[in-house]
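Trainee: Questions regarding the structure given below will be posed in turn.
There are 2 protein chains.
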Amino acid sequence: MTEKYEVTDRTTLKRRPHRGIYDKEAIQAILDEGFMCNVAYVHDGAPRVLPTGYGRIGDYIYIHGSNQSTMLTAALSGEVCVLVTHVDGLVLARSLYNHSVNYRSVVVFGRPEEVTDPEEKLASFEAYARHVLKGRFADVRPPNSKELNSTTVMRIAVSEAVAKLRSGPPTDFEFDLDRDCWAGELLIKQVFAGAVRDPHGRQDVPLPQYVQGYEKLPSVEQQKVENAPDT
Amino acid sequence: MTEKYEVTDRTTLKRRPHRGIYDKEAIQAILDEGFMCNVAYVHDGAPRVLPTGYGRIGDYIYIHGSNQSTMLTAALSGEVCVLVTHVDGLVLARSLYNHSVNYRSVVVFGRPEEVTDPEEKLASFEAYARHVLKGRFADVRPPNSKELNSTTVMRIAVSEAVAKLRSGPPTDFEFDLDRDCWAGELLIKQVFAGAVRDPHGRQDVPLPQYVQGYEKLPSVEQQKVENAPDT
Chain A
11 MTEKYEVTDR TTLKRRPHRG IYDKEAIQAI LDEGFMCNVA YVHDGAPRVL
61 PTGYGRIGDY IYIHGSNQST MLTAALSGEV CVLVTHVDGL VLARSLYNHS
111 VNYRSVVVFG RPEEVTDPEE KLASFEAYAR HVLKGRFADV RPPNSKELNS
161 TTVMRIAVSE AVAKLRSGPP TDFEFDLDRD CWAGELLIKQ VFAGAVRDPH
211 GRQDVPLPQY VQGYEKLPSV EQQKVENAPD T
Chain B
11 MTEKYEVTDR TTLKRRPHRG IYDKEAIQAI LDEGFMCNVA YVHDGAPRVL
61 PTGYGRIGDY IYIHGSNQST MLTAALSGEV CVLVTHVDGL VLARSLYNHS
111 VNYRSVVVFG RPEEVTDPEE KLASFEAYAR HVLKGRFADV RPPNSKELNS
161 TTVMRIAVSE AVAKLRSGPP TDFEFDLDRD CWAGELLIKQ VFAGAVRDPH
211 GRQDVPLPQY VQGYEKLPSV EQQKVENAPD T
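If you're matching them up, the sequences are chains A and B in order.
Oh and the first sequence: position 191 is 201 in the working numbering, straight run, nothing missing.
Oh and the second sequence: position 23 is 33 in the working numbering, straight run, nothing missing.
Here it is, written out as structure tokens:
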């Protein structure tokens, strides 16, 4: 049996409860497919949200930032809500009311902890690199102690979490089905669109395979094959 | 002279203040390029954030939802922070520390108002349709009074807002420039990847031009031409 997260008051979907997914593997798969999350926190009583990269080690999401980061300071003094969303398409119904979006998302609630142990800090850098671009860590200069000291790392336990998704065609009302209006899904994908070499520094280092075949996103060429044209 | 938004305490960037953009045209351009935003709000004292579609009429962003939406109910009783982000690429430096992301984002702070006037509600539906998919509104059945009544619409004034962006190559430390490590930008784009007809209802309606040539996103074919391969 697959492991499931406990359903709490705030991970209960009030509308369309059938869209709520608490399966650990499904949630981790959505988290691992992304590389940018949105972190919401409260600052002076008001909500704020910022995009940032992230990594995962086991049941924790790791987020890095400068010691001067307003987001990290505020987030570490309270709770956060971390959101990862993959947009898969626009759902074009015959009525404007039934238009929708196909997506997969995960929301994680929690009280973040600061990571101060130097070994865990370094491991979190490696996890971030591995998460965003597998293969990169072995090529780059790892952070030195000055860089580690000027970086604040926080971790959020993935324990109170819910995934949601919508997929497939529009759901029109029966009385709209015969309208003279094209209906269906407009597919949207994030793709790897090429690599541009830094004009500074050494120019003779070959483009690594892990960039050419960026595994998080299909390339334009792969995309062409996967393309599902309207018939 | 281009119009600028007033800089407030929370739209002041504490780090890298040079990345802050308050120009009205630049902010509206980033908002208009997107179709999904993230709305952060406070619920029972804790932060929450959800993705949703949006439209714009002049200086207002409009967001729709069900009358039962927890997000709209909570957002309308306080403040929100609305975030729109376009991810343009991963920035691969020679040190892990200097890795970054190229992006364009807008953050809008404000106290949303509920839109109750039926004409403005209908106009906001039309703005949403126009914003997400130009040309769509003329083809679909517009919302009837029952649908309008079961929809809550909120508007947020775009007045306290800041755009941020990063573009271009990595910024490595001088002493890292000769490392045996490829550095540069891994370009990322959202593309229109095809249209899939709804298997239900009429099957003889031609695919509209505004879907085939979806103007918000490049198609796979356009993407190939724009592609900047590493040399």
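Glycine included, each C-beta is placed from N, C-alpha and C at the ideal position.
Between which two residues does the alpha helix (DSSP H) holding PHE135(B) run?
Mentor: 128-142
Trainee: Specify the secondary structure class of PRO27(A) as computed by DSSP and reduced to three states.
Mentor: Of the three classes helix, strand and coil, the one that applies to PRO27(A) here is helix, per DSSP.
Trainee: Can you check which of these residues, ARG189(A), ASP98(A), PHE135(A), THR161(A), is closest to LEU106(A) by C-alpha distance?
Mentor: Checking every option, the nearest Cα to that of LEU106(A) belongs to ARG189(A).
Trainee: Look at PRO61(A) and THR22(B) and say whether their C-beta atoms are less than 8 Å apart.
Mentor: no
Trainee: Closest Cβ-Cβ distance between SER76(B) and chain A: below 8 Å?
Mentor: yes
Trainee: Is the Cβ of SER87(B) closer than 8 Å to any Cβ of chain A?
Mentor: So, not an interface residue.
Trainee: Can you check DSSP and say which residues form a bridge with ASP33(B)?
Mentor: For ASP33(B), which the question treats as bridged, DSSP gives the partners LYS14(B).
Trainee: Use the C-beta contact count for PRO228(A): other C-beta atoms within 10 angstroms, 16 or more gives buried, fewer gives exposed.
Mentor: Burial of PRO228(A) is indicated by the presence of at least 16 other C-beta atoms within 10 angstroms of its C-beta.
Trainee: By Cβ distance below 7 Å, which residues in the same chain neighbour ILE166(B) in space, the five residues on each side in sequence not counted?
Mentor: TYR70, ILE71, VAL90, VAL92, VAL118, GLY120, PRO122
Trainee: Comparing C-alpha positions only, which one of THR18(A), GLY88(A), ARG104(A), PRO57(A) sits nearest to GLU195(A)?
Mentor: ARG104(A)
Trainee: Which residues share a DSSP beta bridge with GLN200(B)?
Mentor: GLN200(B) is bridged to GLN200(A).
Trainee: For TRP192(A) and PRO209(B), which I take to be in contact (beta-carbon distance under 8 Å), what is that distance rounded to the nearest angstrom?
Mentor: 13 Å between Cβ atoms; not a contact.
Trainee: Going by Cα to Cα distance, which pick from VAL172(B), GLY204(B), LEU197(B) is closest to GLU16(B)?
Mentor: VAL172(B)
Trainee: Need the endpoints of the beta strand (DSSP E) that TYR113(A) sits in, please.
Mentor: 110-120
Trainee: Cutting at 6 Å between CB atoms, please list the residues of its own chain near SER115(A), excluding the five before and the five after it.
Mentor: Non-local beta-carbon contacts of SER115(A) in its own chain, meaning distances under 6 Å to residues more than five positions away in sequence, involve THR95, LYS174 in chain order.
Trainee: For the beta strand (DSSP E) holding SER76(B), just list the boundary residues, first then last.
Mentor: 70-76
Trainee: How is the beta strand (DSSP E) around ALA84(B) delimited, first residue to last?
Mentor: That residue, ALA84(B), is in no beta strand (DSSP E); its alpha helix (DSSP H) goes 80-85.
Trainee: Answer yes or no: do GLN200(B) and ILE198(A) have a C-beta to C-beta separation smaller than 8 Å?
Mentor: yes
Trainee: Mark ASP149(A) as exposed unless 16 or more other C-beta atoms lie within 10 angstroms of its C-beta, in which case mark it buried.
Mentor: buried
Trainee: What does DSSP give as the partner residues of ASN48(A) in its beta bridges?
Mentor: The partner list for ASN48(A) (beta bridge, DSSP) reads PRO61(A), LEU93(A).
Trainee: Out of LYS131(B), ASN48(B), VAL111(B), state which residue places its alpha-carbon closest to the alpha-carbon of PRO179(B).
Mentor: Nearest in C-alpha terms to PRO179(B), of all of LYS131(B), ASN48(B), VAL111(B), is VAL111(B).
Trainee: Are ASP182(A) and GLY75(B) close, meaning C-beta to C-beta below 8 Å?
Mentor: In this structure, GLY75(B) does not lie closer than 8 Å to ASP182(A) by Cβ.
Trainee: Just mark PRO57(B) as buried or exposed, buried being the case when its beta carbon has 16 or more other beta carbons within 10 Å.
Mentor: The Cβ neighbour count for PRO57(B), taken over all protein chains shown within 10 Å, is at least 16; the residue is labelled buried.
Trainee: Is it buried or exposed, ARG146(A), if we count other Cβ atoms within 10 angstroms and call 16 or more buried?
Mentor: buried
Trainee: Does DSSP classify ASP149(B) as helix, strand or coil?
Mentor: ASP149(B) falls in the coil class under three-state DSSP.
Trainee: Buried or exposed, going by whether 16 or more other CB atoms sit within 10 Å of the CB of GLY55(A)?
Mentor: exposed
Trainee: Which one or two residues does DSSP pair with VAL101(A) in a beta bridge?
Mentor: SER110(A), GLU195(A)
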